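K.L.:
My questions all concern the structure below.
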Amino acid sequence: MSPKMTMAMPDAQMKAVLDQLTMLKGKPIPKLSATEARKQPGPTDAVKALLKKQGKSTEPEVVAKVEDKTIESVPVRVYTPSGKGPFPVLVYFHGGGWVIANIDAYDSSARALANAAKCMVVSVGYREAPEYKFPAAPEDSYKVTQWIMKNAKSMNGDPKHIAVGGESAGGNLATVVSMMSRDRKAKMPIYQLLVYPVTDHNFSRPSYIENAMAKPLNKAMMSWFWNNYLKSPADEMNPYASPMKAKSLKGLPPATIIGAEIDPLRSEGMAYSDRLKKAGIAVNYKLYKGVTHEFFGMTAVLDKSKDAIKFAATDLKKAFSK
328 MSPKMTMAMP DAQMKAVLDQ LTMLKGKPIP KLSATEARKQ PGPTDAVKAL LKKQGKSTEP
388 EVVAKVEDKT IESVPVRVYT PSGKGPFPVL VYFHGGGWVI ANIDAYDSSA RALANAAKCM
448 VVSVGYREAP EYKFPAAPED SYKVTQWIMK NAKSMNGDPK HIAVGGESAG GNLATVVSMM
508 SRDRKAKMPI YQLLVYPVTD HNFSRPSYIE NAMAKPLNKA MMSWFWNNYL KSPADEMNPY
568 ASPMKAKSLK GLPPATIIGA EIDPLRSEGM AYSDRLKKAG IAVNYKLYKG VTHEFFGMTA
628 VLDKSKDAIK FAATDLKKAF SK
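Okay, so the sequence shown: first residue is 328 according to this note's numbering, each after it adds one.
What follows is the structure in structure tokens.
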């Protein structure tokens, strides 16, 4: 079946965010250096602009405790929910194509997940490309995760209940950390939360054709991200960059995978879900219609974001209760 060539329409709430993003007049990222790209307004800025327009507070969701730390020379932000603990831990990797964005840009997702899943969230500020190309980001992510596995008690975390998760490039890093842990015979995360993950260096999948000109993520941007991230074309075949290239996905943790309809990455997320299932891994996949890439953290303005957080948190709580 040939892919449809037209993009789906965003729902009214999503369109309001996209309209604000357009009004912020960011320059096209593929035409910029990484330094310039990092200065451009993004979806987080669009949400804040929309909240101001609606006369609503731009203050973040309240979490019992938020603390910036350094683990193994990598900056992290630790979000602790209310309660005594020890808490299950979600090691979380932000999006941004391994090049742009940071812990701050994904603050809303981390806060929402800490409260909804009643877990400690450790958001990881891994090194970014092109200054630090592949495999710097996965190695940082792995190093922090393994440190938390060994030292969770010192943070009031539960060492038996540690999961990994992330959005977009962060979803890629979460499943790659799981793969590295398996391959290196290290302690494994018990669960993986993959929100519209990058899983394949392949621009020919149906959602790439359908959403080539989508906002806030399009085909040209993904090509630019990959070109900045990888050292050489040979890296395109490395499963630690492109998990779909792995010979086997057996032995990876069970997963929740969330997709967005208006997203170039939709097809590879679905394909990765199918491959995990074929490898005998339990997967709970959910596609959200009428929303774009980056919708997950927009709980302040999107009902579907609230639903997605609840969906993810329900699965995490089940995993943490075992």
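All C-beta atoms in this analysis are idealised placements derived from N, C-alpha and C, irrespective of residue type, glycine included.
Note that the structure is a prediction, hence the values are computed from the model and not measured.
Beta-carbon within less than 6 Å of residue 338's beta-carbon, same chain only, minus the 5 sequence neighbours each way: which residues are those?
P.N.:
617
K.L.:
Please name the residue, chosen from 450, 529, 513, that lies closest to residue 498 on a Cα-to-Cα basis.
P.N.:
Among 450, 529, 513, the Cα nearest to that of residue 498 is on 450.
K.L.:
Would you give the residue range spanned by the beta strand (DSSP E) that residue 417 belongs to?
P.N.:
Element bounds for residue 417: 414–420.
K.L.:
Skipping 5 residues on each side, what residues in its chain have a beta carbon closer than 6 Å to that of residue 516?
P.N.:
Excluding sequence neighbours, residue 516 sits near 489, 490, 491, 505, 580.
K.L.:
Quick check: the Cα distance between residue 365 and residue 554, rounded to an integer number of angstroms?
P.N.:
16 Å
K.L.:
Pairing CB atoms from the region 534–554 with CB atoms from the region 473–487, are three or more of them under 8 Å?
P.N.:
Under the 8 Å Cβ criterion, the region 534–554 does not count as touching the region 473–487, having fewer than three qualifying pairs.
K.L.:
Over the uninterrupted alpha helix (DSSP H) stretch that includes residue 603, give me the two end residues.
P.N.:
593–605
K.L.:
Between residue 534 and the rest of its own chain, which residues show a CB-CB distance below 8 Å, the 5 nearest in sequence each way excluded?
P.N.:
Correct list, in chain order: 330, 590, 591, 592, 593, 594, 595.
K.L.:
CB of residue 627 to nearest heavy atom of the ligand GDP: below 7 Å?
P.N.:
Ligands in the displayed structure: none, and consequently the ligand GDP is not present.
K.L.:
Assuming residue 568 contacts residue 620 (C-beta within less than 8 Å), just tell me the rounded distance between them.
P.N.:
Residue 568 to residue 620, Cβ: 19 Å. No contact.
K.L.:
Taking the alpha-carbon positions, what's the residue 577 to residue 416 distance?
P.N.:
In this structure, the straight-line span from the alpha carbon of residue 577 to that of residue 416 is close to 23 Å.
K.L.:
Quick one: grab the DSSP three-state call for residue 328.
P.N.:
With a pLDDT of 38 at residue 328, under the threshold of 50, the modelled position of this residue cannot be trusted, and the question is left open.
K.L.:
Start and end of the alpha helix (DSSP H) containing residue 625?
P.N.:
Per DSSP, residue 625 belongs to no alpha helix (DSSP H) and is neither H nor E.
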